[in-house]
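Engineer: In this note's numbering, the protein residues as written are 19 to 114. Just so it is clear, CB atoms sit at the ideal spot from N, CA and C, and this is done for glycine as well. Since the structure is predicted, the reported quantities are computational estimates derived from the model, not experimental observations. This is the structure, below, for whatever I ask next.
Following this line, the structure appears as structure tokens:
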């Protein structure tokens, strides 16, 4: 995580392997997931149509999040499967 003006003391990494699933039906999630993977060691990204061996699902929330009903079905399935859902809220109006 990054806070503007924050002095970063050390790199952030995960103690266990993390597979973050960014659904292809969640526009922009793949870009955010790739950015996270670049900055956090131990993080792998999956952009498959199904969760597969993912440990977490990334839900990128913006104005277009629910434009594809397939995403709602995936979130429902992820919750039924007890997959941890990480929500990221877009705050830049230019990005939705």
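1) In terms of alpha-carbon separation, which member of 59, 52, 40 lies closest to residue 33?
2) Taking residue 78 as the reference, which of 110, 105, 42, 43 has the closest Cα?
3) Would you give the residue range spanned by the alpha helix (DSSP H) that residue 50 belongs to?
4) Quick check on residue 65: does DSSP put it in helix, strand or coil?
5) Assign residue 41 to one of two classes, buried (16 or more other C-beta atoms within 10 Å of its C-beta) or exposed (fewer than that).
Structural biologist: Quick answer:
1) As a first step, residue 33 is located in the chain shown; it is residue number 15 there, counting from the start. That would be 59, whose Cα lies nearest to the Cα of residue 33.
2) Reading the chain shown from its first residue, position 60 is the one you call residue 78. Closest by alpha carbon: 105.
3) By 1-based counting over the chain shown, the position of residue 50 is 32. Unbroken alpha helix (DSSP H) run through residue 50: 47 to 57.
4) To locate residue 65, count along the chain shown from 1; it is residue 47. Residue 65 falls in the coil class under three-state DSSP.
5) If you number the chain shown from 1, residue 41 lands on position 23. Buried, by the Cβ-count rule.
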